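Asks: Here the sequence shown stands for residues 0 to 190, where the numbers follow numbering that gives the first Met the number 0. Backbone N, C-alpha and C define an ideal beta-carbon position, used for all residues, glycine too. A quick note: this is a predicted structure, and the numbers were derived from the prediction, not measured.
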Amino acid sequence: MQKIALFGQPATGKTTLAKWLSTELGYPHTDLDGLLFTPDGPLPLEEFRRQAAEVAQHDEWIVEGNFSKLADVVWHRADVLVWLDFPLILVLYRIVRRSLSQLAGHEDSAQARQLTWRKAFFVRRSLLRTAIRKYRRNRPRYAQQVDETADLGVQVIRLRSPREVRRWKTEMRKGPAESRSQGTARHTTGP
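Have a look at this one:
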């Protein structure tokens, strides 16, 4: 397992898990948001795809982000695709908790500096409404794209709760051979 692509809904812990994997395995970590959003604004799609493909050409990497439109340049080049597929209620709880922390000034990030109460909770395109809309719209598409990726020989690991993430991390610490022999990292489909 040298090339790991990681994705999931907002607030599922993608960045936290990717950073942990990077430290644990010693592989470089790339956040696709960091590639896409430049000080001059978002990259054009073709440039974004080119830069993501460049990262995925290396022998060892961890790439995280919700850009299934890059499946052919990232997911299909991975050894392992990790899908953090948490229940909607947990995603919403985590978005509220993170937004409140950011609004209280406990986090200094570009997103936190731009966040307002209205943007977080009260406008038509608030973080909460957007999360619900994307969850309902994207999840079936993700399942189809994950199946296509698995058909190409990429191992897919679908983690449906923080408990499953913790269990998988414990198995990773034991080493790849022992984790495979226990059979816990597997591809599952369906909602």
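Within this structure, are the beta carbons of Leu192 and Ile61 separated by less than 7 angstroms?
Replies: Residue 192 lies beyond the range of the chain shown here (0 to 190); nothing can be said about it.
Asks: Among residues of its own chain, excluding the 5 on either side of Asp58, which ones have a beta-carbon nearer than 7 angstroms to its beta-carbon?
Replies: Here the set comprises Gln1.
Asks: Please check the pair Lys118 and Glu63, which I expect to be a contact at CB under 8 angstroms, by giving their CB distance rounded to whole angstroms.
Replies: With 8 angstroms as the limit, Lys118 and Glu63 do not qualify as a contact, their Cβ atoms being about 23 angstroms apart.
Asks: Which of helix, strand or coil does DSSP assign to Gln144?
Replies: In the structure shown, Gln144 sits in a helix (DSSP, three-state: H, G or I).
Asks: So what does DSSP say about Asn65, is it helix, strand or coil?
Replies: Correct three-state label for Asn65: coil.
Asks: Residues bridged to Ala119 by DSSP?
Replies: DSSP output for Ala119 lists no bridge partner at all.
Asks: Excluding the five sequence neighbours on either side, which residues of its own chain have a C-beta within less than 7 angstroms of the C-beta of Val72, listed in chain order?
Replies: Result list for Val72: Arg48, Ala51, Ala52 and Ala55, in chain order.
Asks: Would you report the Cα separation of Arg76 and Ala70, rounded to the nearest angstrom?
Replies: When rounded, the distance between both Cα atoms is 9 angstroms.
Asks: Where Leu87 and Tyr134 are concerned, what is the direct C-alpha to C-alpha distance, given to the nearest angstrom?
Replies: Their Cα atoms are separated by approximately 7 angstroms.
Asks: Mind pulling the alpha helix (DSSP H) runs of 4 or more residues that sit fully within the stretch 155-179?
Replies: Fully enclosed alpha helix (DSSP H) runs of 4 or longer: 161-173.
Asks: Grab me the residues of Glu45's own chain with a C-beta within less than 6 angstroms of its C-beta, minus the 5 sequence neighbours each way, in chain order.
Replies: Here the set comprises nothing.
Asks: Taking just the CA atoms, how far does Lys18 sit from Lys168?
Replies: If I take the Cα positions, the gap works out to 12 angstroms.
Asks: So Val196 and Trp82 are in contact, right, with Cβ under 8 angstroms, and what is the actual spacing, rounded?
Replies: There is no way to answer for residue 196, as the model of the chain reaches only from 0 to 190.
Asks: Starting from the C-beta of Thr11, find all residues in its chain whose C-beta is less than 7 angstroms away, skip the five residues before and the five after it, and write them out in chain order.
Replies: Hits under 7 angstroms: Leu83, Phe85 and Val90.
Asks: For a test of the three-state rule: what should DSSP assign to Gly7, helix, strand or coil?
Replies: Note: Gly7 maps to strand in three-state DSSP.
Asks: So Asp58 is in the alpha helix (DSSP H); what residue range does that whole segment cover?
Replies: Element bounds for Asp58: n/a, residue is neither H nor E.
Asks: Please report the distance separating the alpha-carbon of Ser98 from that of Val145.
Replies: Approximately 29 angstroms, taken between the alpha carbons.
Asks: Report the three-state DSSP secondary structure of Gln181 (helix, strand or coil).
Replies: Any reading at Gln181 needs caution, since the residue's pLDDT is 39, under 50, leaving its predicted position unreliable; the model's value is listed next. Helix, per DSSP.
Asks: Which stretch, first to last residue, makes up the beta strand (DSSP E) that contains Leu218?
Replies: With the chain represented from 0 up to 190, any question about residue 218 goes unanswered, as that position is not in the structure.
Asks: On the premise that Leu35 lies in contact with Pro41, defined as a C-beta separation below 8 angstroms, what is that separation, rounded to the nearest angstrom?
Replies: Yes, Pro41 and Leu35 are in contact; Cβ-Cβ is about 5 angstroms, under 8 angstroms.
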